[in-house]
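Below is one structure, written out as C-alpha cells, with a few remarks after it.
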Ligand code: AP5
Ligand code: MG
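In the numbering used here, the protein residues as written are -3 to 200.
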C-alpha cells in the first residue's frame, strides 16, 4: 500500500507513520527529517534551506520533488508512507505524475493541542526518534531509548515559529484534503499514541 500522512504540524504524522511502517514493513519518508539531514550536512543546498526551516516556511517545490522522486525510485519494500509530502497542490500534481497513491490518512488535531505538543517535543540527533517531555518521556532524561543518542529541541519548535507553520499549513497544505477527497481517511488525533494508532490501523 502507498500512503500519504496528512495533518497540521505536531498532529502526530511522524509518530504514527513510523509505527505503521514498522507494522507493515514498508518504507517511511519523513520529508522534514530529510531536509534537516540536508541542513546538517552543511552542503550548499543545506545552507540554502536552513532559513526556510528555521522560519517555518516551505522550501521550494523542486527540492522536495527531487527527494521524493529519488525515494520512490529506490523503494523496493512493496509500499511506502510519505509523511510531510505533498504539502502544496503543485507537489501533489507532481506526485500524481510519478506514482499512484492508495490512501491518505489525515490526522485531525485541534490547534490548542498542537502548541502543547510541539513545545514539549524532543527529537533524537542520531536516529530521529521523537519524544515528548510529558506524553512520551524518554527513560533517561535527554537520552534516546533506542540508540542512546542526545535529544534536542528542534529549531522550529518555538511558539512563534509554530504559529507560522500552522498558518502555512492552513493556507498551502489543508487544500490537499479536498484534492484527495476520494482517498482521505480522517482520524481523530486526540487520545494516547496507542489509541490513535488503533484508529490508523483500522483506516489503513
Ligand atoms: P516537518 O518535519 O514535516 O514538520 P511538521 O509538518 O511541522 O510536522 P512535525 O514533524 O512538527 O509534527 P508531526 O505531525 O510529525 O508530529 P510528531 O509525530 O513529531 O517539516 C519541517 C519543515 O520542513 C517545514 O516547516 C518546512 O520548512 C520543511 N518541509 C517539510 N516538508 C516540506 C514539503 N513537502 N515542502 C516544502 N517544505 C517542506 O508529534 C509531535 C509531538 O507530539 C511529539 O512530541 C510527540 O511525542 C507528541 N505526540 C504525538 N502523538 C501524540 C498523542 N497522540 N498524544 C500526545 N502527544 C503526542
Ligand atoms: Mg514529523
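By construction, the Cβ of each residue, glycine as well, lies at the ideal position given by its N, Cα and C atoms.
Since we're looking at a predicted model, the values are computed, not measured.
Residue range of the alpha helix (DSSP H) that includes residue 92: 85 to 94
Inter-stretch contact (C-beta, 8 Å, three-pair minimum) for the region 106 to 117 and the region 62 to 81: no
Residue range of the alpha helix (DSSP H) that includes residue 25: From DSSP, residue 25 is part of no alpha helix (DSSP H) but of the beta strand (DSSP E) over 23 to 26.
Terminal residues of the alpha helix (DSSP H) in which residue 43 lies: 40 to 50
Residue span of the alpha helix (DSSP H) that contains residue 18, given as start and end: 9 to 20
Segment contact flag, the region 176 to 186 with the region 90 to 109, C-beta cutoff 8 Å, min 3 pairs: yes
Assigned exposure category for residue 93 - 16 Cβ within 10 Å defines buried: exposed
In DSSP terms, what residue 104 is bridged to: 184
Cβ-Cβ separation, residue 5 to residue 161 (assumed contact under 8 Å), whole Å: 4 Å
N-terminal and C-terminal residue of the alpha helix (DSSP H) that residue 68 is part of: 57 to 70
Presumed contact (8 Å Cβ cut-off) between residue 20 and residue 80, rounded CB distance: The Cβ separation is near 18 Å, so there is no contact.
C-beta contact flag for residue 23 and residue 73 at 9 Å: yes
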